[in-house]
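Beneath this line is the structure, given in structure tokens, with notes to follow.
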Amino acid sequence: DGGITQSPKYLFRKEGQNVTLSCEQNLNHDAMYWYRQDPGQGLRLIYYSQIVNDFQKGDIAEGYSVSREKKESFPLTVTSAQKNPTAFYLCASSNSYYNEQFFGPGTRLTVL
Amino acid sequence: ELKVEQNPLFLSMQEGKNYTIYCNYSTTSDRLYWYRQDPGKSLESLFVLLSNGAVKQEGRLMASLDTKARLSTLHITAAVHDLSATYFCAVTPLSGIQGAQKLVFGQGTRLTINP
């Protein structure tokens, strides 16, 4: 089955730690995205990537970093510089023309 | 800066009734998307509206787009409990390019349908 996987489902971070969230897709989509969702809110774009080895900052990129070494993979690192990282993180991918974005199941990050 | 606003933000209705969710956006766009989110879950794509006057229907849900008014509607017909969820609209800024483009989301409409 084609789809998007994210791991882990739940993640706990201590103050000062960097953590990496995994996102993999087998839909053969070129574009991939990372969003953050806070309780009762819409989604906000963190980073996105059109092709391998290229990515752009979204609206709330500070404190986050990404890489795109393979078409299928777009990991997100939440660094210690992100002061309020507790949120639900969603990865998405899209076909190039319609930009219809398909979402993974999400990772819920909690800072202890 | 593109802003997307939905109303109402909360909607409680009875089964069998009809209602409409509105999505307004602030700058020119020709692509609008509707998503559904169940509590604690990810987003599910419902509709992609790509041109002025576009109308799409799936079951009891129908979405339309008026690019001149910068307005999309999601109409629910004869609501059933299974449609209880949060519904988001999202808009891509008009850029004239294809490929990866950001989506700007509305705040979401939390819909509760009571038996």
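Chains as they are written, first to last, in this note's numbering: chain A, 3 to 114; chain B, -10 to 104. Note that the Cβ used here is the ideal one computed from N, Cα and C, for glycine as well. None of the values given here were measured: they were computed from a predicted structure.
For A:R70, which residues does DSSP report across the bridge?
DSSP output for A:R70 lists no bridge partner at all.
Please return the same chain residues whose Cβ sits closer than 6 angstroms to the Cβ of B:A43, not counting the five positions on each side in sequence.
If we look at B:A43 and ignore the five residues flanking it on each side, its Cβ neighbours are L54.
Over what stretch of residues does the beta strand (DSSP E) that includes A:L29 continue unbroken?
Where A:L29 is concerned, there is no enclosing beta strand (DSSP E), given that its DSSP letter is neither H nor E.
With a cut-off of 8 angstroms on the beta carbons, I'd call A:S67 and A:T81 a contact; round off their distance for me.
With a Cβ gap of about 6 angstroms, A:S67 and A:T81 count as contacting.
Relative to the C-alpha of A:P10, which candidate in A:Y100, A:L92, A:E74 and A:F104 has its C-alpha closest?
It is A:L92.
With burial defined as no fewer than 16 other Cβ atoms inside 10 Å of the residue's Cβ, what is the status of B:H70: buried or exposed?
Exposed, because fewer than 16 other Cβ atoms sit within 10 Å of the Cβ of B:H70.
Indicate whether at least one CB of chain B lies closer than 8 angstroms to the CB of A:P107.
Chain B contact via Cβ: present.
Go ahead and pull the three-state DSSP assignment for A:D56.
Here A:D56 sits in coil by DSSP.
Span of the beta strand (DSSP E) holding B:Y11?
Here the beta strand (DSSP E) through B:Y11 covers Y8 to Y14.
Would a check of beta-carbon distances place A:N101 closer than 8 angstroms to chain B?
Taking Cβ atoms only, chain B reaches closer than 8 angstroms to A:N101, which makes this a yes.
For B:V37, would you say it is in contact with chain A, using Cβ-to-Cβ distances shorter than 8 angstroms as the test?
Yes, B:V37 lies at the interface with chain A (some Cβ there is under 8 angstroms from its Cβ).
Specify the secondary structure class of B:L72 as computed by DSSP and reduced to three states.
The answer is helix: DSSP assigns B:L72 an H, G or I state.
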